[in-house]
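Below: the structure, in structure tokens.
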Amino acid sequence: MAESKERDVQVFPIAANTLVMRCRSWERLRFEIEYALEKGTTANSYLIKGDRVALLDPPGASFTEIFLAALKEQIALSQIDYVILGHVNPNRMETLKALLAEAPQVKVVCSNPAAIAIEAADDLDPTLQVIKGTTDDLLDLGQGHQLSFIPTPTPRWPGGLCTYDDYTQVLYSDKFFGAHVCGEAIYDLDRESLKEDRRYYFDCVMAPNARQVEAALEKLADYAPRLYAVGHGPLVRYGVTELTQQYHQWSAQQKEQSLSVALIYASAYGNTATIAQAIARGVTKAGIAVESINAEQAETSDIKTAAEKCAGFIMGSPTLGGHAPTQIQTALGTVLSTASKTKLAGVFGSFGWSGEAIDLLERKFKDAGYSFGFEPIRVKFTPDETTLKYCEESGTDFAQTLKKSKRAKAPKTPATSVESAIGRLVGSLCVVTAQRGELASAMLASWVAQATFSPPGLTVAVSKDRAIETLLYPDSSFVLNILAEGKHLGPMKHFLKPFKPGEDRFEGVEVEETENGGLILPEAIAYLECRVKSRMDCGDHWVVYATVENGELIDSDAKTAVHHRKTGSHY
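Just so it is clear: in the sequence shown, position 158 is 158 by UniProt numbering, and no numbers are missing.
Right, here's the structure in full:
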């Protein structure tokens, strides 16, 4: 095992002549929304030693040095015949360059989109074997290892490629079926503990590409793997069937949404794609589907169809030489000529020295008479965690605006007797506050109930489109501030108002910080410092169960404020 202070490489045999090399980081690896749970990650590579040797999915640049050191302990680099790429990006190309510098004999096996990206890269000119997606795409390594290749493109990774070894029945699934979790477990022994992380990974990475995910699952159904050798997290050995069914279920849920948003973008260096992913996460968590379209790969007819059927559209572009890429300019013309002027629009992009492409999109849509669902997002260079949170909240705001518009157009109907009865359910009126690093958020809550005596625990229902939701995953902490009758109107009014993306929820509000970093409202009659233990998916809400670690009764004479609702169909 090669290792550094914070990262190491875990090597383990998983099948005949086959090793996994798990590059592990216990810290958040990159500022992308899919890593936001901050449980670390593994970048998994695989080594198959037949008569010929294949290396699958070398990791990104942050692992280059320790990975190559660990690889040399397993085999001389001169003995490697093939490097197979499940996907390619600038980050992984750095490791590929370092490997090829010492092993120029290596042939790189990849999809056609990946080959185009490699050929366009500086200082990288390997021998390529391009997979066309036919039954002739086979690679015989000897000793029984015959590899088949399954192209699995998505807008985020157009060069996606899965590999199947019929001899070992291992499917090298790259981005599919993974999770950003770092630990000692090689396999999915504790599937229950992985459930939340896998669902979060799917929601961030796969949900905006539900149509392409379903197409990939149909292709993979032709194989009978006993093991998913994933790109990130524990390998899937014990839950192959279960996780496959969940991917079908989660994809179907996205496709069944009554409203959809067309998210059309191009990305030169990956930054605009990262922003797009954060916006898509915000839209999907609000219960609206996203049709993600990479303008560099999509046909004009696909963009036209998406623009016609969507409830709103969002376009993103990098700025290259002071201009938008040609593909974005073409897509812009298609959208302007196709999308109804009543549809909601959004604009975003990244740039190095200027942002003319973003200005172009904003001006064209404004001149055409479209309304915007959020202020145009301009990101210089690489987005950081705070920026991505802002992008996610902008996506949620966009989705909420669409839903409000749909409700406004629907015929008004009086509350049913059942809805009126549900409205009489009364809960304590509280303010939930949560803080993680520079991120802080809050929400008004009335669906709160004690759940356990030992340990003392409670549940809070949190709407999926709340900004605070991403700070309430298992093992995160929050403070439940219980409001007093007669003193609740001020906090209630403040925390009920709509906040703009990135807006400080605590501006103008007095707060105190606990020793554990929790935020207390001095107006509360009591507060409870809580730690999330689990959460359950319940329709349009998460039910969060947390145990109480600390707390204090501030005013023993005051009564708890409660919220009486007229109907059970809204707050």
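C-beta atoms are modelled at their ideal positions from N, C-alpha and C, and glycine is treated no differently.
Go to residue 197, then tell me how far its alpha helix (DSSP H) extends in each direction, as first and last residue.
-> 191-201 is the extent of the alpha helix (DSSP H) around residue 197.
Exposed unless 16 or more other CB atoms sit within 10 angstroms - verdict on residue 516 | exposed
With a threshold of 16 other CB atoms inside 10 Å of the CB of residue 553, please say whether the residue is buried or exposed.
-> exposed
N- and C-terminal bounds of the beta strand (DSSP E) containing residue 405 = Note, residue 405: premise wrong, no beta strand (DSSP E); alpha helix (DSSP H) at 385-409.
Is there a Cβ from chain D that is less than 8 Å from the Cβ of residue 105?
-> Within the model displayed, chain D is absent; a lone protein chain is all it includes.
May I ask which residues mark the beginning and end of the beta strand (DSSP E) holding residue 435?
-> 430-436
Mind reading off the beta-carbon distance from residue 87 to residue 219? Whole number of angstroms is fine, and I expect it under 8 Å.
-> Between residue 219 and residue 87 the Cβ distance is about 16 Å, and since that is not below 8 Å, they are no contact.
For residue 27, name the three-state secondary structure that DSSP assigns.
-> Note: residue 27 maps to coil in three-state DSSP.
Going by the beta-carbon positions, is the gap between residue 481 and residue 530 smaller than 8 Å?
-> no
CA nearest to the CA of residue 200, picked from 231, 178, 355, 462 = 178
Where residue 451 falls: helix, strand or coil (DSSP) = strand
Extent of the continuous alpha helix (DSSP H) run through residue 541 | From DSSP, residue 541 is part of no alpha helix (DSSP H) but of the beta strand (DSSP E) over 541-553.
Output yes or no for whether 8 Å exceeds the beta carbon distance between residue 292 and residue 278.
-> no
Let me know the beta strand (DSSP E) ranges lying completely inside the stretch 35-88, each 3 residues or longer, listed in chain order.
-> 41-49, 53-56, 82-84
Helix, strand or coil: which one does DSSP assign to residue 525?
-> It is coil, neither helix nor strand.
Where residue 222 sits in the DSSP three-state scheme | DSSP places residue 222 in coil when its eight states are reduced to three.
Of all the options 249, 282, 27, 113, which has the alpha carbon lying nearest to the alpha carbon of residue 263?
-> The alpha carbon of residue 263 has as its nearest neighbour, out of 249, 282, 27, 113, the alpha carbon of 282.
The stretch 525-541 touching the stretch 460-478, judged by at least three CB pairs closer than 8 Å | yes
Where DSSP assigns a beta bridge to residue 323, which residues make up the other side?
-> 320
What does a CB cutoff of less than 6 Å around residue 181 pick up in its chain, not counting 5 residues either side in sequence?
-> 39, 197, 233
In this structure, what does DSSP give as the bridge partners for residue 269?
-> Bridge partners of residue 269: none, in fact.
Nearest-angstrom Cα separation, counted from residue 477 out to residue 545 = When rounded, the distance between both Cα atoms is 11 Å.
Does the distance from the C-beta atom of residue 134 to that of residue 107 stay below 8 Å?
-> no
Does the distance from the CB of residue 216 to the CB of residue 254 come in under 8 Å?
-> no
Could you pull out every residue in the same chain whose Cβ sits closer than 7 Å to the Cβ of residue 185, ignoring the five residues on either side in sequence?
-> 234
Does the distance from the CB of residue 427 to the CB of residue 449 come in under 8 Å?
-> Taking 8 Å as the Cβ cut-off, residue 427 and residue 449 qualify as a contacting pair.
Which value, in whole angstroms, describes the spacing of the CA atoms of residue 110 and residue 47?
-> 16 Å
At least 3 beta-carbon pairs within less than 8 Å: the stretch 360-375 vs the stretch 241-253 = no
Assign residue 189 to buried or exposed, taking buried as 16 or more other Cβ atoms, counted over all protein chains shown, within 10 Å of its Cβ.
-> exposed
Cβ-Cβ distance between residue 156 and residue 209 below 8 Å | Yes; because the gap between Cβ atoms is below 8 Å, this pair is in contact.
Going straight from the alpha carbon of residue 332 to that of residue 302, what length do you get?
-> 13 Å
Whole-angstrom distance between residue 116 and residue 122, CA atom to CA atom | 12 Å
Roughly how many angstroms separate the alpha carbons of residue 316 and residue 357, rounded to a whole number?
-> 9 Å
Which partner residues does residue 312 have in the DSSP bridge list?
-> Residue 312 pairs with 261, 344.
Under the rule that 16 or more other beta-carbon atoms within 10 Å means buried, what is residue 536, buried or exposed?
-> exposed
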